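Just below is one structure, and these are the notes that go with it.
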Amino acid sequence: MMLLKRNESVDMEPGKEGGTWLALSTEGRFGALLNLTGEKRSTTTPGEGRGYLVKDYIISDVSADKYLANLYEKNRYEQIYNPFNLILVNLWNTHVSLLCSAENSEGPEKCLDTILGFGNSPTGRPLKKVTLGKERFKNIVQDATILDQDKIIENLIEFLRWNEKHLPDPELESRAPNWYKDLSSVFVHIQDAEYGTRAHSILMVDGSNRLTFVEETLTPDASWKRQTFTTELQIFM
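For what it's worth, my numbering labels the leading residue of the sequence shown as 164, then goes sequentially.
What follows is the structure, given as structure tokens:
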């Protein structure tokens, strides 16, 4: 079970078409890309578009470990991309791999905990809302075996709309000194900057390899539009 949310201010930037921050395939490949807020980059040249990093993995037949290792070697010296966290998941065996491109990154890493949380900082310096969010998520999924799927989804959506500010947070304040208070909640809404949470996504795979993907997107009239997709994972190990 995975929860994801997207904060942004515009739908698309010129020259960045064709990429994505989130993708999955029926063959069980999943990828998500997160920005590293306030992370310094060793060069002042504009970074290349990162949206293809997820897409290229999904359509390839390269393992997550090899894909991240190749990307690490490509990016480690010249930092051709703006800093990111790239999370790749094999839905068949639940293996989770991460590449953090912060300047002191030591390369790809395996994520072995049962409950994982990723945010806009390196995993070794988690934001407070990520740490607290993991605990709330854990409490929700503990009931997954006794609640029906619709109730679980509603509980998860409620969590994704959590607007409590989690302060103090020295890590977030150091990364975004002007905006850390507004960014300290799971659900973000900054009216003056026209920036905030625009999408919620829930991914669930049951014991019969049935995949359910639920997405809520914010419409121009400030209402939420929900779509649900279901399919079967194809057996390509």
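Ideal placement from N, C-alpha and C gives every residue a C-beta, glycine not left out. Here the structure is a predicted model, which means the values were calculated and not measured.
task: Rounded to whole angstroms, what's the CA-CA distance from Gly194 to Met165? Just pull it up for me.
output: For Gly194 and Met165, the distance between alpha carbons rounds to 11 Å.
- prompt: Would you say the beta carbon of Gly212 comes nearer than 8 Å to a heavy atom of the ligand NAP?
  reply: Looking for the ligand NAP in the displayed structure turns up nothing, as the structure carries no ligands at all.
Alpha-carbon to alpha-carbon, Asn170 and Arg185: Per the sequence presented here, residue 185 reads as Leu, with Arg not at that position. In this structure, the CA atom of Leu185 is about 13 Å from the CA atom of Asn170.
- request: Kindly indicate which three-state DSSP category Leu295 falls into: helix, strand or coil?
  value: helix
- prompt: Nearest to Asp224 by CA position, among Phe300, Pro331, Gln390 and Ser188, is which residue?
  reply: Taking Asp224 as reference, the option from Phe300, Pro331, Gln390 and Ser188 with the minimal CA-CA separation is Ser188.
- request: For Met175, I'd like the list of residues in its chain whose CB is within less than 7 Å of its CB, leaving aside the five on either flank, ordered along the chain.
  value: Because the pLDDT at Met175 is just 48, under 50, the model does not fix this residue reliably, and the value given afterwards should be weighed accordingly. Result list for Met175: empty, nothing under 7 Å.
- prompt: How is Gly140 classed by DSSP in three states: helix, strand or coil?
  reply: Only positions 164 to 400 of the chain appear in the structure, and residue 140 is not among them; the question remains open.
- request: Select from Lys301, Lys291 and Gln354 the residue whose C-alpha is nearest the C-alpha of Pro333.
  value: Lys291
query: Do you know offhand how far Ile303's Cα is from Gln397's?
result: Taking the straight line joining both Cα atoms gives about 28 Å.
- prompt: Can you list, in chain order, the residues of its chain whose CB lies under 6 Å from that of Leu366, leaving out five sequence neighbours each side?
  reply: Apart from sequence neighbours up to five positions away, the residues of its chain that approach Leu366 with a beta-carbon distance below 6 Å are Met165 and Phe376, ordered along the chain.
query: What are the boundary residues of the beta strand (DSSP E) that includes Gln390?
result: Trp387 to Glu395
Buried/exposed call for Ile278, threshold 16 Cβ in 10 Å: exposed
task: Could you say which of Tyr240, Thr393 and Gly214 lies nearest to Ser371 if we only look at CA atoms?
output: Thr393
task: Pull up the CB-CB distance for Thr401 and Gly214, whole angstroms please, since I reckon it's below 8 Å.
output: Residue numbering for the chain in the displayed model covers 164 to 400; residue 401 lies beyond these limits and cannot be assessed.
- request: Could you name the residues of the same chain whose beta carbon sits closer than 8 Å to that of Gly191, not counting the 5 residues immediately before and after it, in chain order?
  value: Asn253, Leu254, Trp255, Leu396, Gln397 and Phe399
Residue closest to Leu249, alpha-carbon to alpha-carbon, out of Tyr343, Cys274 and Thr208: When each option's Cα is compared against that of Leu249, the closest is Cys274.
field: Outcome for Gly287 when other beta-carbon atoms lying within 10 angstroms are tallied against a minimum of 16
entry: It counts as exposed.
- request: Could you name each continuous beta strand (DSSP E) segment of 3 residues or more that falls completely within the region 217-253, going from the start of the chain to the end?
  value: 247-253
message: Nearest by alpha-carbon distance to Phe300: which of Gly201, Ser268 and Glu321 is it?
response: Glu321
task: Identify whether Ser428 lies in helix, strand or coil by the three-state DSSP scheme.
output: Lying outside 164 to 400, the shown extent of the chain, residue 428 is not represented and no answer is given.
Lys229 versus Ile221: straight-line alpha-carbon distance, rounded: 13 Å
- request: For my contact list, Leu323 and Lys168 are in at a C-beta cut-off of 8 Å; report their separation, rounded to the angstrom.
  value: 6 Å
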